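So for the sequence shown, the working numbering puts the first residue at 298; every next one is plus one. The beta carbon of each residue, even a glycine, is placed where N, CA and C say it ideally should be. As the structure is a prediction and not an experimental result, all values here were calculated from the model. Working notes, beginning with the structure itself.
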Amino acid sequence: MKPNPISPTIPLDQDGIHHGFLRLPYSRDDSAWGSIMIPLTVIRNGDGPTALLTGGNHGDEYEGPVALQELAITLKPEDITGRAIIVPAFNYPAYRAGSRTSPIDKGNMNRAFPGRPDGGPTEKIADYFQRVLLPMADIAVDFHSGGKTLDFVPFAATHILDDKAVEAACFAAMVAFNAPYSVQLLEIDNVGMYDTAVEEMGKVLVSTELGGGGSATAKSIAIAKKGLRNVLIHAGILQGEMQVDPTTRLRMPDGDCFVFSENDGLFEPMFDLGEPVNKGDVVARIWPLDRTGVDPVDLEAKLSGILISRHFPGLIKSGDCAAVIGLQVI
Ligand SMILES: [Zn+2]
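Next comes the structure, spelled out in structure tokens:
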């Protein structure tokens, strides 16, 4: 396979703290020999485990980028054993555009794996992670939230996997992250996901959904910072005591967890995030946009649980996810 065109501007394997970039050559109208400069910090102190820490996999999700920016200026080499590779804006073009996918090639990073060295910028970044950075890692944390179109109760997530040893290691790291909610997901369509790439390599992955709406809150950012620190301690990289608070375990058994809209319209949520919902409850109503005097369309929950995600914008389209119900694990 062709070599990947990305080159780091700093060493990845030297002790100390180095701030630089992953430089991806990108020739274009406004810069003939230009590059995409993806911010990168590597902090290392001797041999030990490596954590690969990413935010901005989707460019409109902000808890990860904020927590990782802070980590890059606060984590000291003398406080760790091993290495932290910090990439706050995984899909950097998307992050700069404030959009989920890349404005250059419309690439969705979490559907682009394993990537290609000769594809668009998103595929090239994916290929670099697949073939260069992930093989160096023992544990990966990939921060997500709902972006502009969804909002979530704050949870850390792992997957149900065929490899039960990897599944158990991922589960333990999710517990260490200690978000207010913890979810073990059976991914319906995992092809192309970064998560799948990490797990298939036998590495430990924790991902998150910490909020949404295209912004972040003081609370959701605090959850990201605490989780990051806890996972670094869990991995044996950082010394210290984990901060452990109560967490609610959730599961999502099947597609009945999801409520989709079959209409365009004005979105009326009938429950707020974290509230209990019973099977048959109207979780949202969709009002017509173009007239008065017509009843709304009711969207009902297909099972009883907790509202863990909702459509965020005030208007909704046919096919949009309106609500997600999670079931509490007792
Ligand atoms: Zn995301």
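### Query
Which value, in whole angstroms, describes the spacing of the CA atoms of E559 and G395?
The residue you call residue 559 lines up with position 262 of the sequence shown. The residue you call residue 395 lines up with position 98 of the sequence shown. In this structure, the CA atom of E559 is about 28 angstroms from the CA atom of G395.
### Query
Under 8 angstroms between the Cβ atoms of G571 and G602?
For the purposes of this step, residue 571 is taken as residue 274 along the sequence shown, with counting starting at 1. For the purposes of this step, residue 602 is taken as residue 305 along the sequence shown, with counting starting at 1. For G571 and G602, no; Cβs fall outside 8 angstroms.
### Task
Under 6 angstroms Cβ to Cβ from E484, same chain only, skipping five residues before and after it: list those, please.
Within the sequence shown, the letter at position 187 stands for residue 484. Within the same chain, E484 has close Cβ partners H456.
### Query
V503 to A409, Cα distance in whole Å?
Taking the first residue of the sequence shown as 1, we reach residue 503 at position 206. Taking the first residue of the sequence shown as 1, we reach residue 409 at position 112. In a straight line, the C-alpha of V503 is about 19 angstroms away from that of A409.
### Task
For G352, I'd like the list of residues in its chain whose CB is within less than 6 angstroms of its CB, leaving aside the five on either flank, ordered along the chain.
In the sequence shown, the residue the question calls residue 352 occupies position 55. Closer than 6 angstroms at the Cβ level, and outside the excluded window around G352, lie G361, P362, L365, P385 and F440.
### Message
Our contact map puts L507 next to A521 with C-beta atoms below 8 angstroms; I'd like the distance itself, whole angstroms only.
### Response
Mapped onto the sequence shown, residue 507 falls at position 210. Mapped onto the sequence shown, residue 521 falls at position 224. That belief holds up - the Cβ atoms of L507 and A521 are roughly 6 angstroms apart, short of 8 angstroms.
### Query
Between the beta-carbon of I303 and the beta-carbon of H315, is there less than 8 angstroms?
On the sequence shown, residue 303 is found 6 positions in, with the first residue counted as 1. On the sequence shown, residue 315 is found 18 positions in, with the first residue counted as 1. For I303 and H315, no; Cβs fall outside 8 angstroms.
### Alpha-carbon spacing of I340 relative to V579, whole angstroms
Your numbering for residue 340 matches position 43 in the sequence shown. Your numbering for residue 579 matches position 282 in the sequence shown. Their Cα atoms are separated by approximately 50 angstroms.
### Query
Quick one: what does DSSP say I401 is sitting in, helix, strand or coil?
One-based indexing of the sequence shown puts residue 401 at position 104. Coil, per DSSP.
### Cβ-based burial, L612 [other Cβ within 10 Å; buried from 16]
Taking the sequence shown and counting its residues from 1, the one referred to as residue 612 is at position 315. L612 comes out exposed.
### Task
Kindly list the residues whose CB is nearer than 7 angstroms to the CB of T514, restricted to its own chain and excluding five residues on each side of it in sequence; keep chain order.
As a position in the sequence shown, residue 514 is number 217, starting the count at 1. Excluding sequence neighbours, T514 sits near G508.
### Query
Bridge partners of H315, per DSSP?
Position 18 of the sequence shown, counted from the first residue, corresponds to residue 315. In the DSSP output, where bridge partners are listed per residue, H315 has V339.
### Query
Taking 7 angstroms as the line, does the beta carbon of H355 fall inside it for any heavy atom of ligand 1?
Here residue 355 refers to the residue found at position 58 of the sequence shown. H355: yes, Cβ under 7 angstroms from ligand 1.
### Task
Taking only the alpha-carbon atoms, compute the straight-line gap between K599 and W330 and give it to the nearest angstrom.
Within the sequence shown, the letter at position 302 stands for residue 599. Within the sequence shown, the letter at position 33 stands for residue 330. If I take the Cα positions, the gap works out to 54 angstroms.
### Task
Identify every residue that forms a DSSP beta bridge with A381.
Here the question's residue 381 lines up with position 84 in the sequence shown. For A381, which the question treats as bridged, DSSP gives the partners I340 and A348.
### Message
Just list the residues that DSSP pairs V501 with in beta bridges.
### Response
Here the question's residue 501 lines up with position 204 in the sequence shown. V501 pairs with I436.
### Task
Out of K461, F557, V528 and T338, point me to the one whose CA is closest to A453's CA.
For the purposes of this step, residue 453 is identified with residue 156 of the sequence shown, where counting begins at 1. Ranking the options by Cα distance to A453, first place goes to V528.
### Task
Could you tell me which residues DSSP puts in a beta bridge with H608?
Here residue 608 refers to the residue found at position 311 of the sequence shown. According to DSSP, H608 bridges with L447.
### Query
So who's on the other strand from S324, going by DSSP bridges?
To locate residue 324, count along the sequence shown from 1; it is residue 27. S324 pairs with nothing; no bridge assigned.
### Query
If you draw a straight line from the alpha carbon of G590 to that of W584, how long is it in whole angstroms?
The count along the sequence shown starts at 1 and reaches residue 590 at position 293. The count along the sequence shown starts at 1 and reaches residue 584 at position 287. Each residue's Cα considered, the two are about 10 angstroms apart.
### Task
Pull up the distance between the alpha-carbon of D459 and that of H355, whole angstroms please.
Within the sequence shown, residue 459 is the residue found at index 162, counting from 1. Within the sequence shown, residue 355 is the residue found at index 58, counting from 1. Taking the straight line joining both Cα atoms gives about 27 angstroms.
### Message
Any heavy atom of ligand 1 closer than 7 angstroms to the beta-carbon of N631?
### Response
Residue 631 is absent from the model: the chain starts at 298 and stops at 627.
### Query
What residue range is occupied by the uninterrupted beta strand (DSSP E) comprising R582?
The residue labelled residue 582 in the question sits at position 285 within the sequence shown. Its beta strand (DSSP E) spans residues V579 to W584.
### Query
For the beta strand (DSSP E) that contains G361, what are its first and last residues?
Residue 361 sits at position 64 when you count from the first residue of the sequence shown. Careful: G361 lies outside any beta strand (DSSP E), inside the alpha helix (DSSP H) at E360 to T371.
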